[in-house]
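Notes follow once the structure below has been shown.
What follows is the structure, given as structure tokens:
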């Protein structure tokens with residue numbers, strides 16, 4: 026190879042590395058959700074088409090299938106119209122400033138909240154498969170005979186007949202919240218074979234990273250922002266705390282009991298009519314956001330107490346309003362540094378930064394949290410975050426001591442396998 | 015080709031489900047998938063989704079279509095696993111499918127631009143870390159440049175210089191001979207370097223290598 030060729034090769038390599046870096050920081054956060062989606066689609070195909078039909082059963086089966094197909098196709102599949110946004114194929118992306126309505130021909134209505142994205146994967150005459158990619162959807166499925174609606178969010182699958190509910194999915198944090206207002210649904214989760222049944226008034230929350238699920242009947246009294254997701258919520262009246270997490274997550278959660286919110290901040294001049302932390306716990310994020318907007322976000326950032334700011338940050342995170350979440354957490358850091366909410370905000374800022382690919386910034390926040398709250402409720406997660414970001418920034422050798430530290434402190438922790446993988450001892 | 019590490023997501027944490035197959039070789043996994051084994055399909059995903067996503071990302075950029083095509087590649091594998099004769103060549107098979115789908119998508123986009131379905135043909139924002147504004151601009155510029163290469167050269171560049179595939183693997187994926195692959199790569203490199211020199215945001219990538227050559 027001549028020198029000129031070597032030079033061209035080197036230029037192409039350096040340009041290639043630019044693409045490679047971007048690809049690495051791209052859709053990695055969605056990997057688990059994409060994997061789950063693939064497996065669901067494969068399952069659907071398996072159900073629809075026998076993979077190895079033998080001739081003696083194949084022909085009659087084919088005839089039956091053809092008859093079914095005709096029967097299936099004659100009544101037309103549901104149609105839908107989108108109001109408030111351009112439809113790009115099956116994709117529906119709501120702008121950041123208003124809601125988008127998707128109305129189906131059976132009168133089922135899906136309201137896509139601002140900055141949320143979904144797609145209608147498939148429609149049939151009995152319902153549709155709708156994938157919520159991020160954000161919140163307010164759903165009203167009209168019940169009819171043999172209605173069959175499925176809503177997908179990450180690796181979760183919600184089976185619906187006729188009902189009203191709000192569904193939120195944050196692919197970056199891998200948190201799903203379903204607030205069921207009427208009817209009943211079943212949720213197929215990646216944690217186990219049996220679906221989780223939910224009835225009207227219940228709220229279901231699942232955190233994929235913590236491997237935990239919680240179902241509550243009544244509005245919890247404790248802000249979820251202060252408790253580890255998936256840990257039983259202390260003081261929840263009449264709650265059906267069904268923490269169905271994997272044993273690893275339980276171990277970590279039980280060694281770090283949740284800290285109740287104790288607000289030392291002065292009360293706001295105009296307190297909300299209903300506690301924001303209660304609204305967030307009930308999954309009503311949009312009310313929190315709309316009340317914050319009515320009161321003025323800047324005013325709230327300056328004057329709201331720690332509990333409300335935590336709730337606002339949670340509502341913003343769960344609805345994909347990263348900018349508002351960062352502002353709220355920043356305000357907590359600035360105004361309540363010595364309180365639990367202020368310390369927790371450091372960890373949550375780390376999570377947000379990591380989710381956006383800012384590994385260096387994330388590591389700084391995780392370290393700050395570990396310095397300020399070495400025995401805090403998120404200590405294990407923060408140490409794991411520090412391990413991940415160090416691995417990304419400086420490679421395996423630099424991450425090894427942190428992995429050792431993690432295994433020493435949390436031998437059965439959620440990230441123990443990752444730590445062992447780094448140490449090459451799995 | 016089996017990894018000694020547990021199946022792991024690209025987000026860095028270990029995948030929730032672990033299957034015994036995660037230590038199987040590719041050939042066994044292909045057989046299992048051919049029998050409709052979804053767990054085996056999951057292991058194949060854990061092993062190769064990063065590579066396939068990288069190929070698609072390099073070829074068409076990052077938007078919703080990338081994730082759709084990623085799904086299509088693995089679904090095509092699921093549907094066609096029974097027809098694969100050499101399961102040990104799974105990696106090449108998946109890259110080949112990704113290349114074919116990416117080429118179709120590039121063609122489709124070109125048609126869309128011709129008939130003005132997409133007014134600009136511009137790519138959406140690319141996922142570079144937000145604090146790296148310079149990197150983001152460079153990446154946009156690079157995709158502008160790549161947009162001026164024909165599909166085959168663009169894909170050859172992606173496979174060789176983004177994914178680091180061997181020439182023979184690139185040739186197999188593009189279904190062309192080794193010598194044609196070398197020729198296409200050389201032309202792609204020449205075209206890229208010439209076009210990149212006109213893009214201020216890419217100057218440092220080109221100038222650095224020029225200055226290195228000067229130093230030699």
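Chains as they are written, first to last, in our numbering: chain A, 26 to 451; chain B, 15 to 230. Every residue gets a Cβ at the ideal spot worked out from N, C-alpha and C, and that includes glycine.
Quick one: grab the DSSP three-state call for residue 108 of chain A.
-> strand
Is the CB-CB distance between residue 227 of chain A and residue 214 of chain A below 7 Å?
-> no
Please say whether residue 163 of chain B and residue 202 of chain B have beta carbons closer to each other than 7 Å?
-> Between residue 202 of chain B and residue 163 of chain B, the C-beta gap is smaller than 7 Å, which places the two residues in contact.
Contact with chain A by residue 155 of chain B, beta-carbon distance below 7 Å = No - not a single Cβ of chain A is within 7 Å of the one on residue 155 of chain B.
For residue 205 of chain B, name the three-state secondary structure that DSSP assigns.
-> helix
Find the nearest neighbour of residue 60 of chain B within the set B:188, B:115, B:105, B:219, judged by alpha-carbon distance.
-> B:105
What are the boundary residues of the alpha helix (DSSP H) that residue 378 of chain A is part of?
-> 365-380
Between the Cα of residue 233 of chain A and those of A:423, A:444, A:166, A:440, spot the shortest distance and give me the residue it belongs to.
-> Ranking A:423, A:444, A:166, A:440 by Cα distance to residue 233 of chain A puts A:440 first.
Identify the continuous beta strand (DSSP E) that holds residue 209 of chain A and give its terminal residues.
-> 200-213
May I ask you to report which of helix, strand or coil DSSP gives residue 137 of chain B?
-> Confidence at residue 137 of chain B is low in this model, with a pLDDT of 41, below 50, so the placement of that residue should be treated as unreliable; the coordinate-derived value is given next. It is coil, neither helix nor strand.
Please determine, among B:189, B:179, B:158, the residue with the shortest C-alpha to C-alpha distance to residue 207 of chain B.
-> B:158
Output yes if chain B places a C-beta closer than 7 Å to the C-beta of residue 447 of chain A; else output no.
-> Chain B, which has no Cβ nearer than 7 Å to the Cβ of residue 447 of chain A, makes this no.
7 Å Cβ cutoff, residue 50 of chain B in contact with chain A = yes
On the three-pair Cβ rule with 8 Å, is the region 173-193 of chain A touching the region 315-333 of chain A?
-> no
Can you give me the Cβ contacts of residue 384 of chain A inside the same chain, cut-off strictly under 6 Å, excluding the 5 residues immediately before and after it?
-> 414, 417, 418
Mind the definition here: the region 58-66 of chain A touches the region 49-65 of chain B only if three or more C-beta pairs lie below 8 Å; say whether that holds.
-> yes
From what residue to what residue does the beta strand (DSSP E) around residue 158 of chain A run?
-> Where residue 158 of chain A is concerned, the enclosing beta strand (DSSP E) stretches over 153-166.
Mind checking which residues open and close the alpha helix (DSSP H) that includes residue 226 of chain A?
-> Where residue 226 of chain A is concerned, there is no enclosing alpha helix (DSSP H), given that its DSSP letter is neither H nor E.
Give, in chain order, every residue of the region 174-203 of chain B whose Cβ lies closer than 9 Å to some Cβ of chain A.
-> Hits within the stretch, in order: 174, 175, 176, 177, 178, 199, 200, 202, 203.
Anyone know if the C-beta pair for residue 146 of chain A and residue 159 of chain A falls short of 7 Å?
-> no
Count the C-beta pairs between the region 94-101 of chain B and the region 40-49 of chain B that are closer than 8 Å, then say yes if the count reaches three, no if not.
-> yes
To which residues does DSSP link residue 385 of chain A through a beta bridge?
-> Answer is none; residue 385 of chain A lacks a bridge partner.
Of all the CB atoms in chain A, is at least one closer than 7 Å to the CB of residue 85 of chain B?
-> Taking 7 Å as the CB threshold, residue 85 of chain B lines the interface with chain A.
Taking 7 Å as the CB-CB cut-off, is residue 374 of chain A touching chain B?
-> no
Check whether the Cβ atoms of residue 67 of chain A and residue 52 of chain B sit closer than 7 Å, and answer yes or no.
-> yes
Check whether residue 219 of chain B and residue 33 of chain A have beta carbons under 7 Å apart | no
Check the Cβ-Cβ distances between residue 148 of chain A and every residue of chain B, and say whether any is below 7 Å.
-> no
Evaluate residue 69 of chain A with the Cβ neighbour count: other Cβ atoms within 10 Å of its Cβ, from every protein chain shown; 16 or more gives buried, anything less gives exposed.
-> exposed
Which residues mark the beginning and the end of the alpha helix (DSSP H) in which residue 183 of chain B is found?
-> 181-188
Would you say residue 176 of chain B and residue 45 of chain A are within 7 Å of each other, going by their C-beta atoms?
-> Cβ atoms of residue 176 of chain B and residue 45 of chain A: closer than 7 Å.
Find the nearest neighbour of residue 454 of chain A within the set A:225, A:352, A:93, A:334, judged by alpha-carbon distance.
-> The shown model of chain A, from 26 to 451, leaves out residue 454 of chain A, and the question about it has no answer.
Could you tell me whether the Cβ atoms of residue 212 of chain A and residue 183 of chain A are closer together than 7 Å?
-> yes
Closest to residue 195 of chain B by CA distance: which of B:122, B:173, B:152, B:72 is it?
-> B:173
In chain B, which residues lie less than 8 Å from residue 71 of chain A when you measure between Cβ atoms?
-> 50, 52
Quick one: residues in its chain with C-beta nearer than 7 Å to the C-beta of residue 375 of chain A, no 5 flanking neighbours on either side, listed in chain order?
-> 387, 390, 391, 394, 407, 410
Taking a Cβ distance cut-off of 8 Å, strictly less, list which residues of the region 89-107 of chain B are near chain A, in chain order.
-> 89, 92, 93, 96
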